[in-house]
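Sequential numbering from 1 applies to the sequence shown in UniProt numbering. Take a look at the structure set out below.
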Amino acid sequence: MRTLLIAPYFMAMEDDRKLTAPNESHESLFDSVRPAARQRLEAIQAIVEQRVTDAERCVSYGMPAFRKKKIFFYFASFKNHIGIYPPVTEPAALVNELGPYRGLKGNLIFPHGEPLPIDLIGRVADALARQYAQEANA
């Protein structure tokens with residue numbers, strides 16, 4: 001099975017949906033990963049939709065994502081981990097709590113062999129939605 005990385009073909013869009021392949025959805029991307037990884041992706045999708053109720057599903061840069069006015073949350077399954085992007089920059093208490101999961105560029109890495117901290121991921125979604133809403137209104 002293909003590892004969910006960047007889609008092989010893209011269609012440029014005029015807004016923040018750049019590099020989106022035609023006819024892709026969360027489900028079509030989930031279909032391309034191992035069943036265990038799919039369950040993890042579906043759990044992340046569910047917590048984001050529960051915590052940020054007005055978020056819309058989309059696909060950008062070959063990854064499942066969520067948007068409000070702007071894309072604020074990307075997630076994907078790789079060979080050894082689930083990645084969540086972009087980095088969380090506030091609140092400070094949450095940033096500190098995310099320390100063990102931080103990648104080199106601030107993205108979050110959740111190894112496949114470890115349980116997903118679903119509540120923590122929900123709080124990340126809340127924080128990113130707020131962060132990007134403030135930027136969109138600035």
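Backbone N, C-alpha and C define an ideal beta-carbon position, used for all residues, glycine too. If you're wondering where the values come from, they're calculated on a predicted model, not measured in any experiment.
Exposure label - residue i; buried when at least 16 CB within 10 Å
{"i": "A36", "result": "exposed"}
{"i": "A127", "result": "buried"}
{"i": "S60", "result": "buried"}
{"i": "A76", "result": "buried"}
{"i": "A46", "result": "exposed"}
{"i": "P64", "result": "buried"}
Straight-line gap, residue i to residue j (C-alpha atoms, nearest Å)
{"i": "P111", "j": "K69", "result": "30 Å"}
{"i": "I121", "j": "N107", "result": "12 Å"}
{"i": "D31", "j": "A93", "result": "36 Å"}
{"i": "Q134", "j": "E90", "result": "12 Å"}
{"i": "E24", "j": "P100", "result": "32 Å"}
{"i": "E14", "j": "I71", "result": "Residue placement at E14 is flagged as unreliable, the pLDDT there being 33, under the threshold of 50; a coordinate-derived value is accordingly withheld."}
Cβ shell of residue i (< 7 Å), same chain only, five flanking positions each side left out
{"i": "A43", "result": "L116 and I118"}
{"i": "E114", "result": "none"}
Secondary structure of residue i, DSSP reduced to three states
{"i": "H41", "result": "Going by the sequence as given, residue 41 is Leu instead of His. Correct three-state label for L41: helix."}
{"i": "A93", "result": "helix"}
{"i": "A127", "result": "helix"}
{"i": "A65", "result": "strand"}
{"i": "L116", "result": "coil"}
{"i": "G99", "result": "helix"}
{"i": "D57", "result": "One detail in the question is off: residue 57 reads as Arg in this sequence, not Asp. Of the three classes helix, strand and coil, the one that applies to R57 here is strand, per DSSP."}
{"i": "F78", "result": "coil"}
Contact set for residue i: own chain, Cβ-Cβ below 8 Å, skip 5 residues either direction
{"i": "G103", "result": "G83 and I109"}
{"i": "L98", "result": "V88, L108, L120 and V124"}
Presumed contact (8 Å Cβ cut-off) between residue i and residue j, rounded CB distance
{"i": "V48", "j": "F73", "result": "6 Å"}
{"i": "R57", "j": "H26", "result": "5 Å"}
{"i": "R67", "j": "A55", "result": "7 Å"}
Contacts around residue i, its chain only, beta-carbon distance under 6 Å, and the 5 residues preceding and following it disregarded
{"i": "N96", "result": "none"}
{"i": "V52", "result": "A125 and A129"}
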